[in-house]
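Quick note on numbering: this note's numbering labels position 47 of the sequence shown as 127, and the sequence is numbered without any gaps. Note that CB positions come from ideal geometry on N, CA and C, so glycine has one too. Notes follow once the structure below has been shown.
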Amino acid sequence: MRRWTQFLLCLLLSGSIWLIHNLSQTYTGVVNVSVVAHSGLKGRASASRSAVSIGARCSATGFRLLRLKHQRRDAQVDIHEEDLVPAGGDRYTVSAAEMAKYSSEIFGEGVDLVTFLNQNYSFEFVPENFKSVPVRAVYSASFKPQYTAAAPMSVTPDSVIVYGDDAKLATVDVVLTKALSFNDLSKSVGGVVKLVPVNGLRMSEKDVTWSLEVVRYVELHSDVSIGVRNVPAGVSLSVYPSRTQATFLCRFPTRGDPAGTCEFYVDYDEFIKSDSGRVVARADNVPPYVIEWRLGQELFDCMVREDAQ
């Protein structure tokens with residue numbers, strides 16, 4: 081009885097060794113994998129409505145081929161929009177040549193694709209309600225003396241597509257970034273920041289690239305006059321005070337006196353719409369090297385009179 085037990089154990093061991101040896105060899109066989117496609121098609125769902133069976137002849141170890149043949153889980157594959165060709169209605173096709181780029185995502189590592197069994201594969205992406213909204217950077221920054229931001233922080237992309245039901249879409253006018261904070265800046269900075277998720281909605285992007293240009297500046301002061309524009313014939317508009325001090329923040333080194341080209345004025349059309357008769361002055365012909373300008377006062381008193389006939 082003992083010898084029979086030893087014999088059976090040896091037989092089982094040798095069979096296991098034989099099986100492991102054979103399954104470790106490389107074979108070529110046909111496998112079928114269920115694939116759910118994901119994409120960023122504008123106005124469409126992010127995932128295909130249903131899984132599509134992808135059949136192919138592949139080369140791999142026996143272990144890997146066996147695993148693929150018994151795989152019950154759908155493969156989740158991100159497919160680039162340019163590889164999806166509209167085929168009418170909600171259907172989009174991917175050619176076998178383009179699908180080959182995603183073979184590792186479909187079949188896994190260690191599996192070599194020999195050929196697909198079909199020339200193309202079709203996925204269905206249903207429409208979704210959407211709208212485009214701007215992205216607003218949320219940040220605070222302080223600078224070393226004589227340094228400042230050349231412009232507000234820029235983000236790329238500067239807008240995203242938001243998907244969801246119409247009622248929720250109507251409540252969203254802007255998408256915010258996670259808050260950024262900087263101290264004592266003296267050089268430009270940039271990076272990637274995540275967007276704040278909007279409850280119940282899907283966004284086309286999860287993060288954006290941001291940049292903040294920091295420059296050295298020099299501060300210049302000039303006494304400037306305040307003119308008027310768009311005054312109709314037969315009417316005179318007087319501005320008080322007619323002169324004020326202007327402060328210019330200019331990129332260093334400065335290229336000249338901006339007061340020589342800047343024109344400050346009050347717009348008659350804005351005066352007419354004003355209830356108080358006080359109007360904000362505007363500027364024109366501001367040189368590109370001027371980062372920021374401000375006047376000694378924000379509002380100017382205006383008085384209108386009709387000219388004598």
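Relative to the Cα of Val276, the nearest Cα in the group Ser268, Cys342, Val288, Gly270 belongs to Val288. Tyr348: member of the alpha helix (DSSP H) spanning 348-353, first to last residue. The way I'd put it, the segment 261-272 doesn't touch the segment 201-211; fewer than three beta-carbon pairs between them come closer than 8 Å. Distances from the alpha-carbon of Ser126 to those of Ala117, Ser261, Glu372, Asp245 put Ala117 closest.
Note on Ala247: under 16 other CB atoms within 10 angstroms of its CB, so exposed under the neighbour-count rule. Taking C-beta atoms as the reference points, Ser284 and Ile241 count as a pair closer than 8 Å. Within 10 angstroms of the beta-carbon of Val255 lie 16 or more other beta-carbons, which makes it buried. Secondary structure within the segment 270-309: not one fully enclosed alpha helix (DSSP H) run of 4 or more consecutive residues is present. Three or more beta-carbon pairs drawn from the segment 316-324 and the segment 373-389 are found closer than 8 Å, and the two stretches are therefore classed as touching. Residue environment: Gly244 is assigned as buried (16 or more neighbouring CB atoms within 10 Å of its CB, all protein chains considered).
Under DSSP, no beta-bridge partner is assigned to Asn365.
Shown here, Leu164 sits in coil according to DSSP, grouped into three states, outside any helix or strand. If only uninterrupted alpha helix (DSSP H) runs of at least 4 residues are considered, those enclosed by the segment 173-237 are 176-179, 183-187.
Excluding five sequence positions before and after Ser302, the CB atoms of its chain that fall closer than 6 Å to its own CB belong to Ala326, Ala339, given in chain order. In the DSSP annotation of this structure, the continuous segment of the beta strand (DSSP E) that includes Asp264 starts and ends at 260-265. Burial check for Thr236: the Cβ neighbour count within 10 Å stays below 16, so the residue is exposed.
For Thr341, the CB contacts under 7 Å within the same chain, skipping 5 residues up- and downstream, are Asn365, Pro367 in chain order. Residue burial is scored here from C-beta neighbours: Phe332 has fewer than 16 other C-beta atoms within 10 angstroms and is therefore classed as exposed. Counting only residues of its own chain and dropping the five nearest sequence neighbours on each side, Leu197 has a CB closer than 8 Å to the CB of Val110, Gly135, Ala136, Arg137.
A direct Cα-to-Cα measurement between Asn279 and Ser119 gives close to 21 Å.
Secondary structure remark: continuous beta strand (DSSP E) runs of at least 3 residues inside the segment 104-137, in chain order: 106-118. Residues of the same chain with a CB within less than 8 Å of the CB of His160, apart from the 5 flanking positions on each side, are Ser119 in chain order.
For Thr228 and Arg362, the gap between their C-alpha atoms comes out near 23 Å. For Ala247, there is no enclosing beta strand (DSSP E); the enclosing alpha helix (DSSP H) has its first and last residue at 246-249.
Contact between Ser133 and Asn112 holds, with the beta-carbon distance rounding to 5 Å and staying under 8 Å.
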